[in-house]
Amino acid sequence: MLDVTHQLHRDHLLAHTGQQKLFLLLTLKPGPEAIQARPPLAVAFVVDTSGSMRENVTASGKGRNKMDLVIESLRGILMSGMLGAQDRVSLVQFDDRASVVLPMTSSAQRARLMAGIERLDWHTGGTHMGAGMGLAREALEGQEGSVRMVLLTDGQTSDEALVRSETQKFAAKQIPVTTVGVGDEVNTDLLMLMTDQTQGKPIDVVPDTHNPQPPAVRASDLPAVLLGDLRQSLSEVVTRVSLSVKTVKDVVLERVTRVHPTQTEVDIKQQPMSLGNLAGQAGATFILEFTLPVRPPARIRLAQLGITFQVPGAQFTGELPPIDVVAEFTQNEEVAGRLKPEVMRFVQQRNIEGMLSQAIQEAQKNPQQAQKTLQMAREVTERLGSRTMTQALDRALQEIGQSKTLSAGTAKTLRIGSKTQTVKTADVPLTDEEIRRISGT
Numbered sequence: 001m002l003d004v005t006h007q008l009h010r011d012h013l014l015a016h017t018g019q020q021k022l023f024l025l026l027t028l029k030p031g032p033e034a035i036q037a038r039p040p041l042a043v044a045f046v047v048d049t050s051g052s053m054r055e056n057v058t059a060s061g062k063g064r065n066k067m068d069l070v071i072e073s074l075r076g077i078l079m080s081g082m083l084g085a086q087d088r089v090s091l092v093q094f095d096d097r098a099s100v101v102l103p104m105t106s107s108a109q110r111a112r113l114m115a116g117i118e119r120l121d122w123h124t125g126g127t128h129m130g131a132g133m134g135l136a137r138e139a140l141e142g143q144e145g146s147v148r149m150v151l152l153t154d155g156q157t158s159d160e161a162l163v164r165s166e167t168q169k170f171a172a173k174q175i176p177v178t179t180v181g182v183g184d185e186v187n188t189d190l191l192m193l194m195t196d197q198t199q200g201k202p203i204d205v206v207p208d209t210h211n212p213q214p215p216a217v218r219a220s221d222l223p224a225v226l227l228g229d230l231r232q233s234l235s236e237v238v239t240r241v242s243l244s245v246k247t248v249k250d251v252v253l254e255r256v257t258r259v260h261p262t263q264t265e266v267d268i269k270q271q272p273m274s275l276g277n278l279a280g281q282a283g284a285t286f287i288l289e290f291t292l293p294v295r296p297p298a299r300i301r302l303a304q305l306g307i308t309f310q311v312p313g314a315q316f317t318g319e320l321p322p323i324d325v326v327a328e329f330t331q332n333e334e335v336a337g338r339l340k341p342e343v344m345r346f347v348q349q350r351n352i353e354g355m356l357s358q359a360i361q362e363a364q365k366n367p368q369q370a371q372k373t374l375q376m377a378r379e380v381t382e383r384l385g386s387r388t389m390t391q392a393l394d395r396a397l398q399e400i401g402q403s404k405t406l407s408a409g410t411a412k413t414l415r416i417g418s419k420t421q422t423v424k425t426a427d428v429p430l431t432d433e434e435i436r437r438i439s440g441t
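Position 395 of the sequence shown, counting from 1, maps to 395 under full-length UniProt numbering, and the rest follow consecutively.
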């Protein structure tokens, strides 16, 4: 039901050397039986109905505001034919308060669903996002198959502590969250926290009037983008994938990152760790980062991985045989310096997010240093073949060169782009400095 492969960034490590880094590439793909067993989908759409959602975001003369586009998007999902009678939809709104506009309802009841969508436009007020999330979680609890929450908002929330608490509950229930943030007023840090902790996906939407550039999504393209996200959800045939890691003495697991098809940080404090859901054809790829102690020349087991998962469409719960992580320690520096290009490409891709976060912070006080960091990130994206991110970085470099700062919109687009614009790339050479910096050699 689930196929797994793993490889180290190098098979040999230097003996008698401490604090070496070891990167493990873990790839999980649904097997043929799982791919054929598409589970029912239960999705809760949580919609910000505050007053600012009535702001026009399309070109003058067309007169569509954010709420118009949300309603159009939800109508399009129902009319797309992608949902079957076994799939269920719930609608929750939040402003000064939160309420269930429509409880979990079969997609076969199209008239009832359409009426619920139209009622979204009846509300207005503040932004109590956490309260809306709580109602969505209650609607999703106990639902069978693949479950997901989609949050659409354009601003800050007045109950951030509750949002953080609800995010932890979604993570504990292994319910992925897709966040759709419209405009520059959204709390990007909070939305990215939600998608990281739940192994979800952030979507960056920019009003047409702001001349958005990829990887940002034009507001008028929101209906198509939400359809694409729904298609992705329907393809997730393996759910609730969990990873446990047992290390030998003094070996430390530092970080686990999903690097494809989107990038999220996995909470390593949670045991077992939630790796989210897997789509039928693509699966998912992860980088595990370890720090190693001094070891003599020998072939040594460093850790053991355990993986559990569900295939709800086949009513199957599985556990893979334990996976031993074994490496050989040698005194031959030449042998220890041989790296696996495929693993290192994903490590480089993972590091782009950190470089961009660093550049955004530097731009506030030291724009010259920020330019250098952005240029380094650009060189990496160009080598990896991430054309969209390379072009986004070109625009950011031009902006900081002219204004000596980065706008909130540019910073948001770069940060979310580092999460969503991941690629499987061709072989690219690494410089000696990159090898030393990344691997600790």
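Beta carbons are placed, not taken as given, at the ideal position from N, Cα and C, and that holds for glycine.
CA nearest to the CA of residue i, picked from the options
i, options, result
"Q421", "K404, R350 and A408", "R350"
"I287", "H12, H16, L22 and P214", "L22"
"S73", "E160, P30 and A219", "A219"
"E55", "G183, R112 and K169", "G183"
"I71", "Q93, Q368, T105 and I35", "Q93"
"V325", "D159, V248, S235 and P212", "V248"
"R148", "V46, S165 and T188", "V46"
"S407", "P367, R387 and Q375", "P367"
Nonlocal neighbours in the same chain, by C-beta distance under 7 Å from residue i, ignoring five residues either side
i, result
"L230", "I77 and M82"
"G116", "L91, V101 and L102"
"T413", "D204, P215, A216 and A392"
"P297", "A15, F329, T330 and Q331"
"E333", "L14"
"S52", "D154 and G155"
"D3", "K29 and G31"
"K169", "R137"
"D87", "P40, L41 and S107"
Residues of its chain near residue i, where Cβ-Cβ distance is below 6 Å and the 5 sequence neighbours each way are ignored
i, result
"R64", "T58"
"H12", "E328, T330, V335 and A336"
"G318", "M1 and F309"
"V428", "Reliability of the predicted coordinates at V428 is poor, the pLDDT of 49 falling under 50, and no value is obtained from them."
"S386", "Q421 and V423"
"S244", "P272 and G306"
"P223", "E72, S73 and G76"
Residues bridged to residue i (per DSSP)
i, result
"L151", "V46 and T179"
"G318", "F309"
"N56", "N65"
"L2", "P30"
"V206", "R218"
"R301", "V326"
"H260", "T285"
"F170", "Answer is none; F170 lacks a bridge partner."
"Q7", "L25"
"M273", "L243"
"K201", "T178"
"Q20", "L292"
Contact under 8 Å by Cβ, residue i with residue j
i, j, result
"T373", "M355", "yes"
"T127", "T167", "no"
"V237", "P32", "no"
"V251", "F290", "yes"
"I416", "A363", "no"
"P272", "S146", "no"
"H9", "L339", "yes"
"L26", "V343", "no"
"L384", "V423", "yes"
"V180", "T198", "no"
"L113", "M67", "no"
"A136", "S107", "no"
"L191", "P202", "yes"
"E254", "D196", "no"
"M129", "D159", "yes"
"V186", "T153", "yes"
"I175", "V241", "no"
"G409", "V206", "yes"
"S80", "L227", "yes"
Nearest-angstrom Cβ-Cβ length linking residue i and residue j, presumed shorter than 8 Å
i, j, result
"K419", "T262", "6 Å"
"S50", "G155", "7 Å"
"R301", "L275", "At roughly 22 Å, the Cβ-Cβ gap does not stay under 8 Å, so R301 and L275 are not in contact."
"K173", "E141", "7 Å"
"D304", "P322", "What sits at residue 304 in the sequence shown is Gln, not Asp. So it is a contact: roughly 5 Å between Cβ atoms."
"V380", "I352", "6 Å"
"A279", "Q232", "6 Å"
"A42", "Q109", "Contact doesn't hold; Cβ gap of about 14 Å is too wide."
"D96", "G125", "3 Å"
"A284", "L28", "6 Å"
"D267", "A171", "7 Å"
"Q213", "R395", "6 Å"
"A37", "A314", "4 Å"
Beta-carbon proximity list for residue i, same chain, < 8 Å, skipping 5 on both sides
i, result
"T17", "V294"
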